[in-house]
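In the working numbering, the protein residues as written are 127 to 538. Just so it is clear, CB atoms sit at the ideal spot from N, CA and C, and this is done for glycine as well.
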């Protein structure tokens, strides 16, 4: 099977499309699975985290600390890995904290039965939609409460998932509807914290300068560090405005390793930006040291729309280079604006496509403003990195759900 991964990179409210797809698929998948083994009478609440990415992956860069905090609670914690998932030092660290860790069998029926026999109270899926196995697994109710974190920031449309655990900051910027809930098939939970915990990146001791990277001092470098499949055609008018209004502008993207996407984009830009497409360039995929130098030396960074960054925001902000973002009105395009809302950097949030280009040009062409913004960003690092607000709020919500579940059962 295949998850609807690519759908997320389109604009608009995708809940109807997701629900239509799941209406078709659920006819092939059981809605519930009964346990064949009983649970000990005095067992502590049982919580499982199920993912294909319980290793050094962006999901665990975001939610590894959430799992660590869960392990400190008075629960039985199970880590269940999708079949074929890599294992590394991150995996082993998390496994050491859990009560049990298992790799699920490749047969979906067997995996469902194995999980049902754990008699779980609550399941957390950190990243539904990124890969197929967990996506299809989530169609079956295997615990009284099933929730999803926004490791993949799009509603699943799956009726057996009860809650989508988001936050107030990334649900509000640029919202096109008065009711964010309308974009979710799950019940939306808005925690009042930044949603993730991210380790402070270690930058190279020496960062290469503009000239050392092959850029001229008088060029204004606009760098979009996002994956190329996020570069929606509706970005093209904003890129064209930058190139028209700033004669010294040069726009850069990164090639996506082992793909020819940059050639497809070059062809598109020749059609959509015919007079200036030659000033759009594609850099080779860079190692970590050079990557941070490129981020740091750029005059301004460009967020993508309508699906923004993830880890890229934190890597970029670690260098202090300002990134302009235009929130789309939905979580997948609001993440950058949500971070800026939390950090008090609202001047980096554009009002529309035209303002996006205007703000980027202003930052790239006014050195004093550029320096001031970099200093403001660097001053937020204690809030931005290794902040336990998000994991703590998540654990409080989980414990609250478990308590409600216990109270409901005691009334029966």
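Between residue 297 and residue 285, the gap from beta carbon to beta carbon reaches 8 Å or more. As the crow flies, the alpha-carbon of residue 369 is around 30 Å from that of residue 469.
Spanning the alpha carbons of residue 483 and residue 366 requires a straight line of approximately 9 Å.
Taking C-alpha positions only, residue 404 is separated from residue 354 by approximately 18 Å. Judged by beta-carbon spacing, residue 205 lies beyond the 8 Å limit of residue 238, meaning their Cβ atoms are not closer than that value.
Contact between the stretch 418-429 and the stretch 305-319 is not established, with fewer than three Cβ pairs separated by less than 8 Å. Nearest neighbour of residue 465 by Cα position, chosen from 496, 509, 195 and 454, turns out to be 509. Comparing alpha carbon positions, the residue from 147, 317 and 275 closest to residue 190 is 275. For residue 362 and residue 536, the gap between their C-alpha atoms comes out near 58 Å. Distance from residue 230 to residue 207 at the Cβ level is roughly 7 Å; contact confirmed, criterion being Cβ atoms closer than 8 Å. If the five residues before and after residue 212 are omitted, its C-beta is found closer than 8 Å to the C-beta atoms of 181, all from its own chain and listed in chain order. Within its own chain, the residues whose Cβ lies closer than 6 Å to the Cβ of residue 395, once the five positions on either side in sequence are excluded, are 403 and 406, listed in chain order. DSSP places residue 177 in the strand class (E or B) of the three-state scheme. If you ignore the 5 residues before and after residue 199, its C-beta comes within less than 7 Å of the C-beta of 521 and 525, all in its own chain and listed in chain order. Relative to residue 136, the option among 434, 416, 529 and 334 whose CA is nearest is 434. Residue state for residue 460 is assigned as helix, using DSSP reduced to three classes.
Judged by their CB atoms, residue 345 and residue 386 are not nearer to each other than the 8 Å cut-off. In this structure, residue 129 sits near residue 256, with a CB-CB distance shorter than 8 Å. Note on the stretch 277-344: whole alpha helix (DSSP H) runs with a minimum of 4 residues are 294-297, in chain order. In this structure, 162 is the residue among 436, 162 and 441 with its C-alpha nearest to the C-alpha of residue 268.
Using a Cβ distance threshold of 8 Å, residue 441 and residue 503 do not count as a contacting pair.
According to the DSSP secondary-structure assignment, residue 158 is paired through a beta bridge with 267. Look at residue 247 here: in three-state DSSP terms it is strand. In chain order, 178, 208 and 209 place their CB closer than 7 Å to the CB of residue 259, counting only its own chain and leaving out the 5 sequence neighbours on each side.
Every unbroken stretch of the alpha helix (DSSP H) spanning 4 or more residues and falling wholly within the stretch 436-480 is given here in chain order: 437-445 and 457-469. Spanning the alpha carbons of residue 167 and residue 523 requires a straight line of approximately 24 Å. If one requires a minimum length of 4 residues, the alpha helix (DSSP H) runs lying completely within the stretch 209-254 are 215-223 and 234-242, in chain order. By the criterion of a C-beta distance shorter than 8 Å, residue 316 is surrounded in its chain by 292, 293, 294, 297 and 306, once the five residues flanking it on both sides are discounted.
Shown here, residue 507 sits in a helix according to DSSP, grouped into three states.
Within the same chain, Cβ atoms closer than 8 Å to the Cβ of residue 160 are found at 242, the five residues on either side in sequence being excluded. The beta carbon of residue 270 sits closer than 6 Å to those of 247 and 531, all from its chain and outside the five residues before and after it, given in chain order. By the C-beta density criterion, residue 138 is exposed, having fewer than 16 other C-beta atoms within 10 angstroms.
Excluding the 5 residues flanking it on each side, residue 488 has same chain C-beta neighbours closer than 7 Å at 495, in chain order. Separation of the CB atoms of residue 140 and residue 151 is rounded to 16 Å, and the pair is thereby denied contact status at 8 Å.
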